[in-house]
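Structure first, commentary second.
Residue numbers (the working numbering): 99 to 286.
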């Protein structure tokens with residue numbers, strides 16, 4: 099029979115009871131930190147990419163809508179009553195009294211105002227916006243001639259418009275839409 103002193107538990111049983119050494123704990127914390135940093139970094143990168151995609155999608159949609167409405171109004175205009183690089187006023191052919199004005203505020207918004215004061219913001223975040231105007235009668239090579247201030251508004255036939263809109267992600271301007279440009283001819 100074995101006595102108490104003769105029974106010596108195995109070394110494995112003692113090792114199973116003890117905790118981690120300081121070195122093992124430091125390695126485990128370091129590895130966990132590296133994994134967490136990689137997960138957080140990937141999460142931030144994916145979030146920014148998704149926000150950028152949403153911004154581009156929204157800018158594209160609003161630009162298409164603004165261009166569609168502007169094209170519709172210009173093509174159906176009887177004539178231009180007032181024009182500058184930042185603003186355009188047309189008379190609609192459906193009713194000779196309906197005046198439609200497109201005006202850029204110089205810093206951010208493109209507004210469309212219809213006769214009677216109905217205003218609507220078409221574009222926001224525009225850092226650049228420009229209208230150019232061309233004469234009714236093109237040259238022999240079918241190139242339109244730019245208008246001058248001395249020419250009447252009734253002689254405007256082609257309107258060129260371009261703009262750049264930007265959006266921010268987390269406070270910094272990261273999304274810049276490429277320049278939207280269109281040449282629109284007055285049908286009448």
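Here a beta-carbon is modelled for each residue, glycine too, at the ideal position from N, C-alpha and C.
- DSSP places residue 178 in the strand class (E or B) of the three-state scheme.
- Non-local C-beta neighbours of residue 281 in its own chain, meaning closer than 7 Å and more than five positions away in sequence, comprise 256 and 258, ordered along the chain.
- In its chain, beyond the 5 residues on either side, 221 have a beta carbon closer than 7 Å to the beta carbon of residue 160.
- In terms of CA proximity to residue 164, 200 leads the group 241, 267, 200 and 138.
- Note on residue 118: under 16 other CB atoms within 10 angstroms of its CB, so exposed under the neighbour-count rule.
- When secondary structure is reduced to three states using DSSP, residue 284 falls in the coil class, being assigned neither helix nor strand.
- The beta carbon of residue 191 is closer than 7 Å to those of 174, 175, 176 and 286 in its chain, skipping five residues each way along the sequence.
- The DSSP-derived three-state label of residue 221 is strand.
- If you draw a straight line from the Cα of residue 158 to the Cα of residue 266, it comes to about 15 Å.
- Residue 170 carries a helical assignment under DSSP once its states are collapsed to helix, strand and coil.
- Annotated as distal: residue 187 and residue 196, with beta-carbon spacing of 7 Å or more.
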